[in-house]
Amino acid sequence: MNGDLQKSTDYDRLIKVFGVTPLSEEVLNKLPERHKLFEIGYFFAHRDFDKVLEGWERGEEFAILTGRGPSNVMHLGHMLLFDFVAWMQKTFKVPAYIPLSDDEKYVFLKVDSLREAAFYAYDNALDIAALGFDEKKTYFFISTKTPEIYEMSVELSTEVTLNEVKAVFGFTDSDNPGKYFYSVVQSAHILFPTVRKGYRSLVPIAIDQDPYIRLSRDIAERKKLPKPAALHSKYLPGLTGEPMSASKPETAIFLDDPPKVIKEKIWKALTGGQPTVKEQREKGGDPERCVVFKWLEAFVLDPKEAEEWKGRCRRGEVLCGECKKKLYEGIVRILKEHHERKLKLADKADKFFLHPVD
Ligand code: SF4
Numbered sequence: 038m039n040g041d042l043q044k045s046t047d048y049d050r051l052i053k054v055f056g057v058t059p060l061s062e063e064v065l066n067k068l069p070e071r072h073k074l075f076e077i078g079y080f081f082a083h084r085d086f087d088k089v090l091e092g093w094e095r096g097e098e099f100a101i102l103t104g105r106g107p108s109n110v111m112h113l114g115h116m117l118l119f120d121f122v123a124w125m126q127k128t129f130k131v132p133a134y135i136p137l138s139d140d141e142k143y144v145f146l147k148v149d150s151l152r153e154a155a156f157y158a159y160d161n162a163l164d165i166a167a168l169g170f171d172e173k174k175t176y177f178f179i180s181t182k183t184p185e186i187y188e189m190s191v192e193l194s195t196e197v198t199l200n201e202v203k204a205v206f207g208f209t210d211s212d213n214p215g216k217y218f219y220s221v222v223q224s225a226h227i228l229f230p231t232v233r234k235g236y237r238s239l240v241p242i243a244i245d246q247d248p249y250i251r252l253s254r255d256i257a258e259r260k261k262l263p264k265p266a267a268l269h270s271k272y273l274p275g276l277t278g279e280p281m282s283a284s285k286p287e288t289a290i291f292l293d294d295p296p297k298v299i300k301e302k303i304w305k306a307l308t309g310g311q312p313t314v315k316e317q318r319e320k321g322g323d324p325e326r327c328v329v330f331k332w333l334e335a336f337v338l339d340p341k342e343a344e345e346w347k348g349r350c351r352r353g354e355v356l357c358g359e360c361k362k363k364l365y366e367g368i369v370r371i372l373k374e375h376h377e378r379k380l381k382l383a384d385k386a387d388k389f390f391l392h393p394v395d
């Protein structure tokens with residue numbers, strides 16, 4: 038495991054660094070049912086998730102919200118998160134808001150033009166919608182194409198100072214002003230369901246994105262609004278052990294990767310296996326250090342099967358080639374089903390976008 042991954046997976050340290058609350062059994066017991074990502078500890082910390090659940094029990098609706106920066110085709114790591122958001126919507130029967138931040142990708146120089154970001158925004162929206170969102174309760178919106186977001190961002194911008202933004206995000210004088218303004222736009226995204234409909238927002242988000250939540254909570258407090266809640270996720274390691282990244286295609290499986298490419302990537306993935314079959318049979322492997330296992334656990338196996346698989350690995354009863362084959366077949370099947378659903382949605386994508394009357 039490389040140093041970066043090691044550092045980024047020291048979750049106890051991250052809980053302290055970000056000042057978030059560990060997700061306890063007591064909170065999880067308030068859920069009407071547990072999604073697999075709760076069972077395998079993918080979500081590990083939160084801000085006010087307990088209050089959201091308590092409010093929901095009293096009949097208070099909340100909005101589930103998570104954004105997407107559209108600079109590329111989505112990969113399986115993104116799909117995992119949005120699949121969970123669709124489950125939350127179905128389980129709690131709540132509205133889902135999905136901001137597509139073309140502005141973010143442009144000011145952080147991840148795309149060459151807003152037009153390029155808009156192209157990916159529509160493609161990503163179809164992929165997300167295909168995960169089973171309810172078209173009557175799901176609202177996609179693209180930052181630069183939604184006048185209400187600009188209006189709200191301008192209003193919220195007077196609630197923070199430049200020094201505050203610098204301190205929270207570490208920007209310097211050489212960063213462009215778009216990045217500074219985007220921090221307020223992100224707060225407008227997060228607080229949009231609250232200002233518009235009075236729902237508290239619940240944001241499932243990777244732990245390194247917490248500064249945006251913190252800023253939004255500060256702004257909400259100043260404006261006497263319910264503070265947004267957050268559920269923090271771990272990072273699913275990329276196939277090579279590094280974080281998944283569009284600039285390193287070998288780290289991730291993109292939703293448009295053909296089976297041949299998927300196979301090549303999985304066959305090169307990091308495992309916790311021994312150098313030889315003989316040693317693997319004698320000493321067993323280490324599933325905790327194995328990306329192939331983490332992916333099997335996240336995408337293919339249910340939690341009980343994953344526990345059993347872990348034991349078989351440790352006892353040397355399974356070889357890495359077998360795991361890779363299982364992962365490959367599972368992912369090809371998942372993506373085939375996904376593409377069929379996406380195709381069916383192609384002519385009704387517009388139904389999912391925010392309209393002035395929504
Ligand atoms: Fe990972 Fe499977 Fe190899 Fe064990 S046998 S280290 S789970 S790939």
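Per this note's numbering, residue 38 is the first one in the sequence shown, and the count goes up by one each step. Backbone N, C-alpha and C fix where the C-beta goes; we use that ideal spot for every residue, glycine too.
Practice item. Starting from the Cα of A204, find the closest Cα among S190, G78, S220, V369 and give me that residue. Key: For this step, residue 204 is matched to residue 167 along the sequence shown. Checking every option, the nearest Cα to that of A204 belongs to S220.
Review point. Going by beta carbon distance, what residues of the same chain come within less than 7 Å of V202, once the five residues before and after it are set aside?
Key: Here residue 202 refers to the residue found at position 165 of the sequence shown. Counting only Cβ-Cβ distances below 7 Å, and skipping sequence neighbours, we find F208, Y217, S220.
Review point. Could you check where the beta strand (DSSP E) with T183 kicks off and where it finishes?
Key: By one-based count along the sequence shown, residue 183 stands at place 146. First-last for T183: undefined, no H or E at that position.
Check your understanding: Relative to the alpha-carbon of S138, which residue among D247, F99, I179, K305 has its alpha-carbon at the smallest distance?
Key -> One-based indexing of the sequence shown puts residue 138 at position 101. For S138, the nearest C-alpha among the options comes from I179.
Exercise for review: Would you kindly work out how many angstroms separate the C-alpha atoms of S45 and Y272, rounded to a whole number?
Suggested key: What you label residue 45 is simply residue 8 of the sequence shown in a count that begins at 1. What you label residue 272 is simply residue 235 of the sequence shown in a count that begins at 1. Caution applies to S45, whose pLDDT of 45 falls short of 50 and renders its modelled position unreliable; the value that the coordinates give is listed next. If I take the Cα positions, the gap works out to 8 Å.
Exercise for review: In the DSSP assignment, find the beta strand (DSSP E) that holds R84 and state where it starts and stops.
Suggested key: For the purposes of this step, residue 84 is identified with residue 47 of the sequence shown, where counting begins at 1. Segment 80 to 84, the beta strand (DSSP E) holding R84.
Practice item. Could you tell me which uninterrupted alpha helix (DSSP H) segments, each at least 4 residues in length, are contained entirely in the segment 272 to 354, listed from first to last along the chain? Key: 296 to 304, 314 to 320, 328 to 332, 340 to 351
Review point. How big is the Cα-Cα spacing for D294 and Y365?
Key: Within the sequence shown, numbered from 1, the residue matching residue 294 stands at position 257. Within the sequence shown, numbered from 1, the residue matching residue 365 stands at position 328. About 12 Å.
Exercise for review: Would you check whether the ligand SF4 has a heavy atom nearer than 7 Å to the C-beta of T308?
Suggested key: The sequence position of residue 308 within the sequence shown is 271, counting from 1. Yes.
Check your understanding: Any chance the CB of L356 is under 7 Å from a heavy atom of the ligand SF4?
Key -> Start at 1 with the first residue of the sequence shown, and residue 356 comes out as number 319. At least one heavy atom of the ligand SF4 is nearer than 7 Å to the Cβ of L356, so yes.
Check your understanding: Can you find a heavy atom of the ligand SF4 that lies under 7 Å from the Cβ of F121?
Key -> The sequence position of residue 121 within the sequence shown is 84, counting from 1. Outside the cutoff, so no.
Exercise for review: Work out the CA separation of V232 and S224 for me, nearest whole Å.
Suggested key: If you number the sequence shown from 1, residue 224 lands on position 187. If you number the sequence shown from 1, residue 232 lands on position 195. Spanning the two alpha carbons is a distance of roughly 11 Å.
Practice item. Just the C-alpha distance for R95 and R84, rounded to the nearest angstrom, thanks. Key: Locating residue 95 in the sequence shown gives position 58, where the first residue counts as 1. Locating residue 84 in the sequence shown gives position 47, where the first residue counts as 1. In a straight line, the C-alpha of R95 is about 19 Å away from that of R84.
**Study point:** Residue interval of the beta strand (DSSP E) (run including A204)
**Key:** Here the question's residue 204 lines up with position 167 in the sequence shown. Note, A204: premise wrong, no beta strand (DSSP E); alpha helix (DSSP H) at 199 to 206.
Practice item. In angstroms with no decimal places, state the Cα-to-Cα distance between Y176 and E70. Key: For the purposes of this step, residue 176 is taken as residue 139 along the sequence shown, with counting starting at 1. For the purposes of this step, residue 70 is taken as residue 33 along the sequence shown, with counting starting at 1. Using only the alpha carbons, I get a separation of about 25 Å.
Review point. Which value, in whole angstroms, describes the spacing of the CA atoms of A306 and I290?
Key: Sequence index remark: in the sequence shown, residue 306 carries index 269 (1-based). Sequence index remark: in the sequence shown, residue 290 carries index 253 (1-based). Those two C-alpha atoms are separated by around 11 Å.
Review point. Does the segment 130 to 137 come close enough to the segment 97 to 104 that 3 or more CB-CB pairs lie under 8 Å?
Key: yes
Review point. Closer than 7 Å: is that where the CB of V329 sits relative to any heavy atom of the ligand SF4?
Key: Start at 1 with the first residue of the sequence shown, and residue 329 comes out as number 292. V329: yes, Cβ under 7 Å from the ligand SF4.
Check your understanding: Span of the alpha helix (DSSP H) holding L372?
Key -> Working through the sequence shown from its first residue, we reach residue 372 at position 335. It spans 357 to 382 - the alpha helix (DSSP H) in which L372 sits, taken as one unbroken run.
Practice item. Compute every distance between the C-beta of D323 and the non-hydrogen atoms of the ligand SF4, then say whether any falls below 7 Å. Key: Sequence index remark: in the sequence shown, residue 323 carries index 286 (1-based). Under cutoff, so the answer is yes.
Point to revise | Where L68 sits in the DSSP three-state scheme | key: As a first step, residue 68 is located in the sequence shown; it is residue number 31 there, counting from the start. L68 falls in the coil class under three-state DSSP.
**Study point:** Cβ separation of R259 and E344, assumed to be a contact under 8 Å, to the nearest whole Å
**Key:** Translated into the one-based positions of the sequence shown, residue 259 becomes position 222. Translated into the one-based positions of the sequence shown, residue 344 becomes position 307. About 46 Å separates the two Cβ atoms, so there is no contact after all.
Review point. Does DSSP put T136 in a helix, a strand or coil?
Key: Counted from its first residue, the sequence shown places residue 136 at position 99. Before going further, note that residue 136 is Pro rather than Thr in the sequence given. Correct three-state label for P136: strand.
**Study point:** When F330, E153, L102 are compared against C357, the one with the closest alpha-carbon
**Key:** On the sequence shown, position 320 is the one that residue 357 refers to. The shortest Cα separation from C357 among F330, E153, L102 belongs to F330.
**Study point:** Close-in-space but distant-in-sequence residues of the same chain around F389 (CB under 6 Å, 5 per side omitted)
**Key:** Numbered from its first residue, the sequence shown carries residue 389 at position 352. Correct list, in chain order: A166, E172, T175, F177.
Check your understanding: When we look at the beta-carbon of H112 and count the other beta-carbons within 10 Å, is it buried (16 or more) or exposed?
Key -> Mapped onto the sequence shown, residue 112 falls at position 75. It is buried - the Cβ of H112 has at least 16 other Cβ atoms within 10 Å.
Check your understanding: Which residues mark the beginning and the end of the beta strand (DSSP E) in which S238 is found?
Key -> The residue you call residue 238 lines up with position 201 of the sequence shown. First-last of the beta strand (DSSP E) with S238: 237 to 243.
Review point. Is the distance from the Cβ of P265 to the Cβ of L228 below 8 Å?
Key: Position 228 of the sequence shown holds residue 265. Position 191 of the sequence shown holds residue 228. Cβ distance < 8 Å, so P265 and L228 count as in contact.
Practice item. Can you grab the Cα-Cα spacing for the pair D212 / D149, in whole Å? Key: Taking the first residue of the sequence shown as 1, we reach residue 212 at position 175. Taking the first residue of the sequence shown as 1, we reach residue 149 at position 112. About 17 Å.
Review point. Looking at C-beta atoms only, is the number of pairs between the segment 45 to 57 and the segment 76 to 83 that lie closer than 8 Å three or more?
Key: yes
Point to revise | beta strand (DSSP E) segment containing A166, residue limits | key: Sequence index remark: in the sequence shown, residue 166 carries index 129 (1-based). Segment 151 to 166 is the alpha helix (DSSP H) holding A166; no beta strand (DSSP E) there.
Check your understanding: Is it true that the CB of P263 sits closer than 8 Å to the CB of A257?
Key -> Residue 257 sits at position 220 when you count from the first residue of the sequence shown. Residue 263 sits at position 226 when you count from the first residue of the sequence shown. Cβ atoms of A257 and P263: closer than 8 Å.
Practice item. Starting from H226, follow its DSSP beta bridges and name the residues at the other end. Key: Here residue 226 refers to the residue found at position 189 of the sequence shown. In DSSP, H226 forms no bridge with anything.
Practice item. Tell me S270's beta-bridge partners as DSSP assigns them. Key: As a working note, residue 270 is residue 233 in the sequence shown. Answer by DSSP bridge pairing, in chain order: F80, A243.
Exercise for review: Determine the burial state of H392: buried for a count of at least 16 other Cβ atoms within 10 Å of its Cβ, exposed for fewer.
Suggested key: Within the sequence shown, numbered from 1, the residue matching residue 392 stands at position 355. It is exposed - the Cβ of H392 has fewer than 16 other Cβ atoms within 10 Å.
Check your understanding: What's the gap between the Cα of L292 and the Cα of A154?
Key -> If you number the sequence shown from 1, residue 292 lands on position 255. If you number the sequence shown from 1, residue 154 lands on position 117. Their Cα atoms are separated by approximately 17 Å.
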